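A.B. asks: Protein chains in written order, with my numbering: chain Z, 1 to 97; chain V, 1001 to 1291.
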Amino acid sequence: MEQIEFDYPAKRKISQRAHVGVVGSGELEVLLEPGEGARSQVFIRTSVHGFQETWKAVLDRFFAKYDGLVRIQINDAGGTPGSVMLRLEQAVEVSEQ
Amino acid sequence: MITSRDRMNFLNRQSFLELDARGRAAALFDQGTSRELVGPFDRVESPWLAIQDVTPQEDDGCVVMKGKIAGKAAVAVALEGAFQGGSMGEVSGEKMTAAIDLACADSEKGLPTSAVILLETGGVRLQEANLGLGAVAEVIASILTLRKHAPVICVTAGTVGCFGGMSLAAAVSSYIVLTREARLGLNGPEVIEQESGIDEWDSGDRALAFAVNGGEQRYGMGLADALVEDDTPQIADAVRHFIAKGVPPIHRSSQVELYRSRIGALDTSRQWDPNELRRAWGMNGSKEDNR
Chain Z
1 MEQIEFDYPA KRKISQRAHV GVVGSGELEV LLEPGEGARS QVFIRTSVHG
51 FQETWKAVLD RFFAKYDGLV RIQINDAGGT PGSVMLRLEQ AVEVSEQ
Chain V
1001 MITSRDRMNF LNRQSFLELD ARGRAAALFD QGTSRELVGP FDRVESPWLA
1051 IQDVTPQEDD GCVVMKGKIA GKAAVAVALE GAFQGGSMGE VSGEKMTAAI
1101 DLACADSEKG LPTSAVILLE TGGVRLQEAN LGLGAVAEVI ASILTLRKHA
1151 PVICVTAGTV GCFGGMSLAA AVSSYIVLTR EARLGLNGPE VIEQESGIDE
1201 WDSGDRALAF AVNGGEQRYG MGLADALVED DTPQIADAVR HFIAKGVPPI
1251 HRSSQVELYR SRIGALDTSR QWDPNELRRA WGMNGSKEDN R
């Protein structure tokens, strides 16, 4: 298991948290909650080693569009970049419902 | 023959199998009455997985919900089959045990509280070894205490099924609800093949697995109380039905003599076929006649 952390600038506070996904094979769970301080934080635990740059590329793209101040925990069991992005977008959708 | 009505029934079905553990548990409660206890944001995860290089899940693959079903107090505990095969670890076991014990405490105080356990599990989580075994024993002890006061309903919808130690938890519950996609058994086909060889059981033979462990066969043999479609309202209806029915006059697992004599009477020198076994055990009729 590998642990990876990132942080990104944020512009606005959010009020609702969201939980989506399951730590199943090729899948991941995302916990998105209101963040603290000035920057959004992302904590990743993944069963697949050596993909730090891929994670960075996916999150760079996600935070290029998303500006909420959040703390995101990702527990991953081998999700593809596509499914990671879908789960992140789903978490945002649930948090804005 | 498939009629257009069958087709519409199929299309209008709200799949239960496609729901995750949280969705399954929530679907059973009366609208707006359920709340989750010790959810993912409480971060009560397994302390044993990360040190063995396995990514933990924040709820440890066990979802606990409290609320009302058919207007009566109930708790539902759902195992997430997609996380580590729905296996029972220290935390998931403790969550299930505590939920059933609290239902029992409420029942003893005069507020009968039923428990619904949604089991999609291969049994004990091997990474947690003895703690998992202990958890299964505690769950069974808790069910045996609660079932005197309020019914414990086991729902196994599939596709993981319910195997290993947790099949014992299913067996001591008051009522068992299965689908055709569900499988229920002590040792799963893979384990039997691994331990006794492919001549004993070819686990790749899915027809054989379902002829022995499948929901339809289990129900046909009188080892389950309802066989339902993979349809959320139908499954919720079955659960409501059994909660309304209350504690059965005699639990299946208390009928030791009946099952001992049935097993004793089986001629094991030859291969039985599934339908023959259903007839011999005489239980393929209505769901009401096997308790």
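We treat Cβ as the ideally placed atom computed from N, Cα and C, and that holds for glycine.
Remember, predicted model here, so these are calculated numbers, not experimental data.
How close, in whole Å, do the beta carbons of glycine 1061/V and glutamine 1084/V come, if the pair is a contact with beta carbons under 8 Å?
C.D. replies: Reading the second sequence from its first residue, position 61 is the one you call residue 1061/V. Reading the second sequence from its first residue, position 84 is the one you call residue 1084/V. That pair is a contact at about 6 Å.
A.B. asks: Quick one: what does DSSP say methionine 1221/V is sitting in, helix, strand or coil?
C.D. replies: In the second sequence, residue 1221/V corresponds to position 221, counting from 1. Coil.
A.B. asks: When DSSP labels each residue in this structure, what does aspartate 1289/V get in the three-state scheme?
C.D. replies: In the second sequence, counting from the first residue as 1, residue 1289/V sits at position 289. Confidence at aspartate 1289/V is low in this model, with a pLDDT of 42, below 50, so the placement of that residue should be treated as unreliable; the coordinate-derived value is given next. The answer is coil: DSSP assigns aspartate 1289/V none of H, G, I, E or B.
A.B. asks: Give the residues from the stretch 1054 to 1076 of chain V that approach chain Z closer than 9 Å (Cβ to any Cβ), ordered along the chain.
C.D. replies: Hits within the stretch, in order: Val1054, Thr1055, Pro1056, Gln1057, Glu1058, Asp1059 and Gly1061.
A.B. asks: Could you pull out every residue in the same chain whose Cβ sits closer than 7 Å to the Cβ of phenylalanine 101/Z, ignoring the five residues on either side in sequence?
C.D. replies: Because chain Z spans 1 through 97 in this model, residue 101/Z falls outside it and cannot be assessed.
A.B. asks: With 8 Å as the threshold, decide whether the Cβ of glutamate 1090/V is near any Cβ in chain Z.
C.D. replies: Position 90 of the second sequence holds residue 1090/V. It does not: the Cβ of glutamate 1090/V has no partner Cβ on chain Z nearer than 8 Å.
A.B. asks: So, is glutamine 1271/V buried or exposed, given that buried needs 16 or more other C-beta atoms within 10 angstroms?
C.D. replies: Along the second sequence, read from residue 1 onward, the residue named residue 1271/V stands at position 271. It is exposed - the Cβ of glutamine 1271/V has fewer than 16 other Cβ atoms within 10 Å.
A.B. asks: Whole angstroms is fine: what's the gap from aspartate 1042/V's alpha carbon to glutamate 1058/V's?
C.D. replies: The residue you call residue 1042/V lines up with position 42 of the second sequence. The residue you call residue 1058/V lines up with position 58 of the second sequence. Each residue's Cα considered, the two are about 8 Å apart.
A.B. asks: Distance cutoff 8 Å, beta carbons only. Does arginine 87/Z sit that close to anything in chain V?
C.D. replies: As a working mapping, residue 87/Z is identified with position 87 in the first sequence. No, its Cβ sits nowhere closer than 8 Å to a Cβ of chain V.
A.B. asks: Does DSSP classify proline 1248/V as helix, strand or coil?
C.D. replies: Start at 1 with the first residue of the second sequence, and residue 1248/V comes out as number 248. Proline 1248/V: coil per DSSP, three-state reduction.
A.B. asks: Report the neighbours of phenylalanine 1041/V on chain Z: residues whose CB is nearer than 9 Å to its CB, in chain order.
C.D. replies: On the second sequence, position 41 is the one that residue 1041/V refers to. Simply Arg17, His19, Leu31 and Glu33.
A.B. asks: Give the single residue among Met1088/V, Asp1237/V and Leu1019/V whose Cα lies nearest to the Cα of methionine 1045/V.
C.D. replies: The count along the second sequence starts at 1 and reaches residue 1045/V at position 45. Correcting the residue identity first, residue 1045/V is glutamate in this sequence and not methionine. Checking every option, the nearest Cα to that of glutamate 1045/V belongs to Met1088/V.
A.B. asks: Sort out for me which residues DSSP pairs isoleucine 44/Z with in a bridge.
C.D. replies: On the first sequence, position 44 is the one that residue 44/Z refers to. Isoleucine 44/Z is bridged to Ile4/Z and Ile74/Z.
A.B. asks: With 9 Å as the limit, tell me which residues of the stretch 1208 to 1239 of chain V have their beta carbon closer than that to any beta carbon of chain Z; keep them in chain order.
C.D. replies: Those would be none; no residue qualifies.
A.B. asks: Could you tell me the boundaries of the alpha helix (DSSP H) in which proline 1274/V lies?
C.D. replies: As a working note, residue 1274/V is residue 274 in the second sequence. Residues 1274 to 1281.
A.B. asks: Pull up the DSSP beta-bridge partners for methionine 966/V, would you.
C.D. replies: Outside the displayed range of chain V (1001 to 1291) lies residue 966/V, so it cannot be described from this structure.
A.B. asks: In this structure, how does DSSP classify isoleucine 1140/V when only helix, strand and coil are distinguished?
C.D. replies: Looking up residue 1140/V in the second sequence gives position 140. Isoleucine 1140/V falls in the helix class under three-state DSSP.
A.B. asks: The alpha helix (DSSP H) spanning proline 1189/V covers which residue range?
C.D. replies: In the second sequence, the residue the question calls residue 1189/V occupies position 189. Taken as a continuous stretch (DSSP letters only), the alpha helix (DSSP H) holding proline 1189/V covers 1189 to 1196.
A.B. asks: Measure the C-alpha to C-alpha separation of isoleucine 1198/V and phenylalanine 1163/V and round it to an integer number of angstroms.
C.D. replies: Sequence index remark: in the second sequence, residue 1198/V carries index 198 (1-based). Sequence index remark: in the second sequence, residue 1163/V carries index 163 (1-based). When rounded, the distance between both Cα atoms is 19 Å.
A.B. asks: Rounded to whole angstroms, what is the Cα-Cα separation between leucine 1184/V and arginine 1262/V?
C.D. replies: Here residue 1184/V is taken as the residue at index 184 of the second sequence, counted from 1. Here residue 1262/V is taken as the residue at index 262 of the second sequence, counted from 1. Spanning the two alpha carbons is a distance of roughly 19 Å.
A.B. asks: Per the DSSP calculation, leucine 28/Z is bridged to which residue(s)?
C.D. replies: Mapped onto the first sequence, residue 28/Z falls at position 28. Partner(s): Asp76/Z.
A.B. asks: Check the Cβ-Cβ distances between alanine 91/Z and every residue of chain V, and say whether any is below 8 Å.
C.D. replies: Counting from 1 along the first sequence, the entry for residue 91/Z is found at position 91. No, because no Cβ of chain V sits closer than 8 Å to the Cβ of alanine 91/Z.
A.B. asks: What does the Cβ neighbour count give for lysine 13/Z, buried or exposed, with the cut at 16 atoms within 10 Å?
C.D. replies: Residue 13/Z sits at position 13 when you count from the first residue of the first sequence. So lysine 13/Z counts as exposed.
A.B. asks: Can you look up asparagine 1284/V in the DSSP assignment and give me helix, strand or coil?
C.D. replies: Here residue 1284/V refers to the residue found at position 284 of the second sequence. Any reading at asparagine 1284/V must be qualified, since the residue scores a pLDDT of 46, below 50, and its modelled position is unreliable; the value itself is stated next. Asparagine 1284/V falls in the coil class under three-state DSSP.
A.B. asks: Could you say if the stretch 67 to 87 of chain Z and the stretch 1192 to 1208 of chain V meet the contact criterion of at least three C-beta pairs nearer than 8 Å?
C.D. replies: Flag = no, the stretch 67 to 87 of chain Z and the stretch 1192 to 1208 of chain V do not touch.
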